[in-house]
Structures are given as C-alpha cells and as structure tokens.
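Asks: Going by the UniProt record's numbering, the sequence shown opens with residue 1, and the numbers climb by one from there.
All C-beta atoms in this analysis are idealised placements derived from N, C-alpha and C, irrespective of residue type, glycine included.
On a predicted model such as this, the values are computed, not experimentally measured, just so you know.
Here's a structure for you.
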Amino acid sequence: MWYMNCTVRYSNNSIFGVIEFTPTRALVAGRVSNLTESNEVSRTLFYDLRVGASAGGDFGKVAVGNANYKSQNSTIYGLMQCSPDLSESDCSNCLVGAQSYFQDCCSENAGVRILAPSCNLRIEREQFYGSPLVGSSPLLSPPPAPAKSISPPPAPAKSISPPLVPSKGKGSNSSKTIINIVVVIILVVIITCICIYISLRVRKQRKKAKMDEISSTESLHFHFPTIRVATDNFSDANKLGQGGFGVVYKGRLSNGQEIAVKRLSPGSGQGDLEFKNEILLVAKLQHQNLVKLRGFCLEGCEMLLIYEFVLNGSLDQVIFGMVAILP
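This is how it looks when you write it as structure tokens:
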C-alpha cells in the first residue's frame, strides 16, 4: 500500500533483501511542452539520484535533487528511493526498472510517481521534499483505475494501527487454549495408563493366588483307590474308632507311611466347596497339639480326610474333637 509519505508492505513470504518490482503502479499529472529536452534533463537527474540512493546505508537508501530546463527557464524536482534492506546493486537495478517503466508510460507527463514494492521514483515541477507532506499533491492526478486501488484512506494511521492489538491478543489466547488442551490430554493418558497398570497387577495377583490355592488343593489330593488299598478296603481290622461324623481307619501307603483316614458319613452336611475350604484351613494350621493333615479324597459321595498316624494316644479322640469344632 502506497501513501503520500510512506509505504506499507506485508507478505506471507520473506521480503527482506529480496528485490521485487511487481506489482508496479504509476500516478501522473500534466504534460510537458518539450518532450526531447524533458527526456534529456530527467535522464541526467535520474542517473544522479540512482547513484546517490543506491549508495545509501541500511537506514535509508533515498536521494533527492533538481535539474533546470534551459529553454523553459524552469526546474524539475526528483526523488528516488529503495527499501533499505536491499543491497547497493539490487537497489540500482530496481531503480533502473522504475526509470524504464517511466520512459515507457509516462515520459510525456510533467508530474509522475512510479511505485514498486522495492523502490519508487517521483518527478514534479514543484518542490515536494524538505518537509512532511499533508494531504495529496495538487500536481498528481492518477488514472481512474489505479486511483481506486491505491488512494489512501482518510486516516491511514488510525485504520491500520488498532487491529494490531486485538490480533496479538487473539493469537495469545489461541496459544494458551492449545497448551491447556494438550496438558489435559497428557494427564488423561497418564491417569488411564496408571489405572490400567493397577488393574492388571491386581488381576494378576488374584490369578496367582487362585492358582496357588488350586496347587495347594491338588497337592493334598489322594485318589480313592489308593486310600481303599491302604485301608484294606476299609476293613474292620483297621478301624480305630467311630463318632457322629464318621469312622477312623488306620492305613499304610505304598511308600510304607502309616496314615489315619477319617471317612465322613454322608449325613455330615458338608458340600464339596465347604469341604475343600475346610481342608485348606486345617492344612495351614501348625501346632504341637494338632494332628497334621496329610490330604483328602473327594470322589463321588466319598469324603475322606487323611491325617498322620499317632502311635501313643487316642487318635480317634483327637480327630473327632478337631472335626467337631469345624463349621
């Protein structure tokens, strides 16, 4: 955007140190009376201004000057300017392009402005530099089409400056919102992973405990034919005693170990699950006054408890007394 005293430029690509000559606009006013002399004088003036503007530093590549018409006894004033980020050679090339554009379109006009993104030139019959300008130059009358596209608004400074503040705030709020969303998502993922880990760990421990319980139960299990052979088919000769919960038999395993077998009566009132739970409970009990449980047998309607055989003492009283206190 070109205004009377300044230029505003923005792009989605880098523009610093890059020469750009398009788009180019021309503003013109009046006509010269002697085209040949005007071209010679303007060409000399533009050369001097181009050299001066190109040699400018990083803070300003601009040159102004004037030249006299001999035949008309009048003066023309000129200005050439480049974007200060251009190199000396790029500035010179840009101004050469602006001068060439001037020669092609506007050399017959007395007042001309050639406006390009990276440089511009201006020539007038009246001095226009030396102090800030206010309003439009009375010498410049742009063509109909360019006038609509480049004419400055009534208050360019006021219309351009205010949007900068809300734009910055909006971007800042948007960034904060994105950061908050990312933080929440990360926290949810972490909490979910922790919950899954704890759930799997508890499930694994329960499964292990159940397997240990099954293993313990299986290690205590005896097959009914083994006990029947050990007690000589529960013969009366091996009978040690009898109580309300069943009969106790003496037996001998194939490895020679002597055992006492408690054969619970069908009317004891215990189910299979209660029977197994009771076995695990009794098997864990360790006391000098308690007879050690060696195992059990649960096949069909037969429920057998196998204890160690006690030589000196009333084994049947010990066993019956223990069974009586069980639920």
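As an exercise, report each continuous alpha helix (DSSP H) stretch of at least 4 residues that is fully enclosed by the UniProt domain "Gnk2-homologous" (20-128), in chain order.
Replies: Complete alpha helix (DSSP H) runs here, min 4: 35-54 and 88-105.
Asks: Measuring straight from C-alpha to C-alpha, what distance separates V310 and V291?
Replies: If you take the alpha carbons of V310 and V291, they lie about 8 Å apart.
Asks: Can you tell me whether DSSP reads L305 as helix, strand or coil?
Replies: Strand, per DSSP.
Asks: How would you write the range of the alpha helix (DSSP H) that residue 334 sits in, first residue to last?
Replies: One cannot answer for residue 334 here, as it falls past the ends of the chain, which runs 1 to 327.
Asks: With 16 other CB atoms within 10 Å as the buried threshold, where does Q81 fall?
Replies: So Q81 counts as buried.
Asks: Out of C301, G130, S33 and W2, which has the shortest C-alpha to C-alpha gap to Y69?
Replies: When only C-alpha atoms are compared, the closest one is S33.
Asks: Note the first and the last residue of the continuous beta strand (DSSP E) segment covering L253.
Replies: That residue, L253, is in no beta strand (DSSP E); it is neither H nor E in DSSP.
Asks: Whole angstroms is fine: what's the gap from N12's alpha carbon to G97's?
Replies: If I take the Cα positions, the gap works out to 24 Å.
Asks: Would you tell me roughly how many angstroms separate the C-alpha atoms of L298 and V189, rounded to the nearest one?
Replies: Looking at the two C-alpha atoms, the distance is approximately 50 Å.
Asks: Would you kindly work out how many angstroms separate the C-alpha atoms of C105 and F59, rounded to a whole number?
Replies: C-alpha separation (whole angstroms): 31 Å.
Asks: Between the C-alpha atoms of T79 and T22, what's the straight-line distance to the nearest angstrom?
Replies: Checking the displayed sequence, the identity of residue 79 turns out to be Leu instead of Thr. For L79 and T22, the distance between alpha carbons rounds to 20 Å.
Asks: Compare the beta carbon distance of R113 and L27 with 8 Å and say whether it is the shorter of the two.
Replies: The answer is yes: Cβ separation under 8 Å.
Asks: Give the range of the beta strand (DSSP E) segment to which G295 is assigned.
Replies: Element bounds for G295: L293 to E299.
Asks: Report yes if the C-beta distance between L115 and I19 is below 8 Å; otherwise report no.
Replies: For L115 and I19, no; Cβs fall outside 8 Å.
Asks: With which residues is L264 paired in a DSSP beta bridge?
Replies: In the DSSP output, where bridge partners are listed per residue, L264 has G246.
Asks: Just checking, does the stretch 273-283 make contact with the stretch 231-250 on the three C-beta pairs under 8 Å criterion?
Replies: Counting Cβ pairs under 8 Å, fewer than three are found: no touch.
Asks: If contacts are defined as beta-carbon pairs under 8 Å, then I76 and V41 qualify, I think. What distance do you get, rounded to the angstrom?
Replies: Rounded, the Cβ-Cβ distance is 6 Å, consistent with contact.
Asks: Count Cβ pairs between the stretch 222-240 and the stretch 256-265 that sit closer than 8 Å; are there 3 or more?
Replies: They touch, by the three-pair rule.
Asks: Where does I259 fall in DSSP's three states?
Replies: Strand.
Asks: Going by Cα to Cα distance, which pick from I259, V229 and H221 is closest to M303?
Replies: It is H221.
Asks: Measure the C-alpha to C-alpha separation of R9 and C91 and round it to an integer number of angstroms.
Replies: Rounded to whole angstroms, R9 to C91 spans 17 Å at the Cα level.
Asks: Sort K239, Y249, I227 and L240 by Cα distance to L255 and report the nearest one.
Replies: Here the sequence assigns Asn to residue 255, which means Leu is not the residue at that position. Among K239, Y249, I227 and L240, the Cα nearest to that of N255 belongs to I227.
Asks: Per DSSP, what kind of secondary structure is L311 in: helix, strand or coil?
Replies: Residue state, collapsed to three classes: coil.
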